[in-house]
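Single-structure report; data block below.
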Amino acid sequence: MAEKKNAEEKKPAATHTPADKSGKMTIYEYEQKYVKQQNARGAKVFLRVFAAIIGVFLFVLLLLAALRVYEINEYAGYATGAVCLIVYIFIFIVPLVKIMRAPYFMTNVNAQTASKAQRHNKKVRRDIADKMINFSSTVDGAGWYDSELIGKLAIARNTGNDEAVKETLTTLYKGSVKKTAKALIMKSSLRSAMYSALSQSEKIDAALVIAVNTQLIRDLVFLYGFRPSDIRLAKIFVGVIRNSMIALGLGGLNVGNAVVKTMGDAVKGIPILGNLISTIVDSSVQGLANGTLTALIGFQTLRYLNTEYNLQNILDGIDVSETSEELQETCTEIETQLKKKKKLAPAV
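For the sequence shown, position 49 matches number 103 in this note's numbering, and the numbering has no gaps at all.
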C-alpha cells in the first residue's frame, strides 16, 4: 500500500489547457487549427478576375454563334445576336449577381477580428432563417425545407432565440437541405448531359456547361442562404472555367471513332453505319463527361458551404472576451513590473 501511495505521488500532475478547463476551444486554438494566411483583398481580386474570364468566354462563344448565322443570312444574324445578348444576361449576368450579392460567413479570423466575425455571422444566420421562412410561406409545394423545422425556426426568430436559430439551421442543413441539394445537383448534371448529347457543336457545349454550372451554383447558394467565402468561390469559378474548356475540346477527341475501330470488320464495309455509331458514341461520351463535370462543381460547392457553416458554428462557441481580459491583465502586470524596477533603481 505504501509503495502504491508513493507511486501515485510520483505521477506528474495533469496539465490543462484553457480548453480543458472551460470545455471550449480558445480563439488561439481555433486560429492554429482552422485559420490559413490569406490576402482578403487578393481573394476578392481573384474572384472578380475569374468571374470576368467566365463572362468573356461565354460572350465570345455566343458571339461566334451569332456570326456563324450572320454569314448565312444578315438579318438572321442580327436577330440571333439580339437573342444571344438577352440569353447572356439571363443565364449568366443575373445568376452571377445573385451569387456575388449573397452573404457569407467570416471564418478565417484571428483574436483581433473574432468578435466582429461572431457578430457578423449571427446576423447572417438570422438573415438565412428569415429567407427560409419567407420562401416556405410564399412558395407552395417547393418541398425544399422540412416544414416542421421551419415552424421551429419561425418561433425562434419571433422570440429572439439565436441559439435555437443556430440549432434548427444545423438540423435543416444535415437533413432536408442536404437532400434537396443532391437533387438539384442530379437535375443539373442530367440537364448538362442531355444538352451536350443533343448538341453537335463544341462551342454550344462549352456555353451550355457555363450556363448550367453557374445556375447550379446560384441554386445551391439560394438553397443554403449564403455563399462560400471569396477564396473558395474563386476556386469554384476556376472549376467552371476548366469544365467549359474541357467541353470545348471534347468534340475534337473523336472518342467515338476509337470505339468504332475496335468493332473490326463488322462496320468496316458499312461506312454509313460506322459514321452513325461514331456520332452516337461521341455524343454519349460528351454528355456523360459534361454531366459528371457539372456534378463535380455541385459537390465542390456543397462541400465548401458545409465546411464554412461548421466553422462558424465552432467559432460561435468560442468565448473571445478572454482576449481583452488577458490583454488588461498583461498591461497591469507590465505596469507593476515597471514600478518595481523603478523602486529598485539607484537614485542618481
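Note that beta-carbon positions come from the ideal geometry of N, C-alpha and C, so glycine has one too.
Q.
Given 7 Å as the limit, tell me if Ile295 has its C-beta closer than that to any heavy atom belonging to the ligand PLP.
A. Among the ligands in the structure shown, none appear at all, so the ligand PLP cannot be discussed.
Q: Taking all protein chains shown into account, decide if Leu369 is buried (16 or more other Cβ within 10 angstroms of its Cβ) or exposed.
A: buried
Q. Are there three or more Cβ pairs, one per stretch, closer than 8 Å when the region 242-253 is compared with the region 212-225?
A. Contact between the region 242-253 and the region 212-225 is absent: fewer than 3 CB-CB pairs across the two stretches fall below 8 Å.
Q.
For Asn364 and Tyr227, I'd like the C-alpha separation in whole angstroms.
A. 10 Å
Q | Neighbourhood of Ile285 by C-beta distance below 7 Å, restricted to the same chain and skipping five residues each side | A | Result list for Ile285: Gln92 and Ala97, in chain order.
Q: Identify whether Pro157 lies in helix, strand or coil by the three-state DSSP scheme.
A: coil
Q) Rounded to whole angstroms, how far is the Cβ of Ala288 from the Cβ of Leu101, which I believe are closer than 8 Å? A) 4 Å
(Q) Just verifying my parser: in three-state terms, what is the DSSP assignment at Ile372? (A) Residue state, collapsed to three classes: coil.
**Q.** Option nearest His174 by Cα separation, candidates Glu389, Phe280, Ala349 and Tyr358
**A.** Phe280
**Q.** Beta-carbon proximity of Thr348 to Asn215, cut-off 8 Å
**A.** no
Q: Just the C-alpha distance for Ile153 and Ser298, rounded to the nearest angstrom, thanks.
A: 19 Å
Q.
Just to confirm, is the Cβ distance from Ser169 to Val374 under 8 Å?
A. Yes, they are a contact pair.
Q. Does the Cβ-Cβ distance between Leu418 and Lys236 come in under 8 Å?
A. Residue 418 cannot be examined here, being either before or after the span of the chain that is shown, 55 to 402.
Q.
I'd like the list of long-range same chain contacts for Gln366, defined as Cβ closer than 6 Å, with 5 residues on each side in sequence excluded.
A. Phe159, Thr161 and Asn175
Q | Pair within 8 Å by beta-carbon distance, Gly341 and Ser250 | A | yes
Q) Can the beta-carbon of Tyr88 be found closer than 8 Å to that of Ala165? A) no
**Q.** CA-to-CA distance, Thr361 to Thr80, given in whole angstroms
**A.** When rounded, the separation of the alpha-carbon atoms in Thr80 and Thr361 is 19 Å.
Q: Take Ile351 as the anchor and find which of Val263, Ala171, Ala133 and Asp259 has the nearest alpha-carbon.
A: Val263
(Q) In this structure, how does DSSP classify Phe280 when only helix, strand and coil are distinguished? (A) coil
**Q.** Within 8 Å, strictly: CB atoms of Leu274 and Leu150
**A.** Cβ distance not < 8 Å, so Leu274 and Leu150 don't count as in contact.
**Q.** Alpha carbon of Leu277 to alpha carbon of Ile182, nearest angstrom
**A.** 10 Å
Q.
Between which two residues does the alpha helix (DSSP H) holding Val231 run?
A. Ser230 to Leu252
Q) Between Leu359 and Ser283, what straight-line distance do the alpha-carbon atoms span, to the nearest angstrom? A) Going from the Cα of Leu359 to the Cα of Ser283 covers about 9 Å.
Q) DSSP state of Gln92, grouped into three classes? A) The three-state reading of DSSP puts Gln92 in coil, since its state is none of H, G, I, E or B.
Q) Roughly how many whole angstroms lie between the Cα atoms of Arg180 and Ala208? A) Arg180 and Ala208 have their C-alpha atoms some 11 Å from each other.
Q. Quick one: is Lys315 buried, meaning 16 or more other Cβ sit within 10 Å of its Cβ, or exposed?
A. Bear in mind that the predicted position of Lys315 carries a pLDDT of just 42, short of 50, making it unreliable; the figure below should be weighed with that in mind. With fewer than 16 other CB atoms across the displayed protein chains lying within 10 angstroms of its CB, Lys315 is exposed.
Q | Alpha-carbon spacing of Val114 relative to Ala136, whole angstroms | A | Their Cα atoms are separated by approximately 14 Å.
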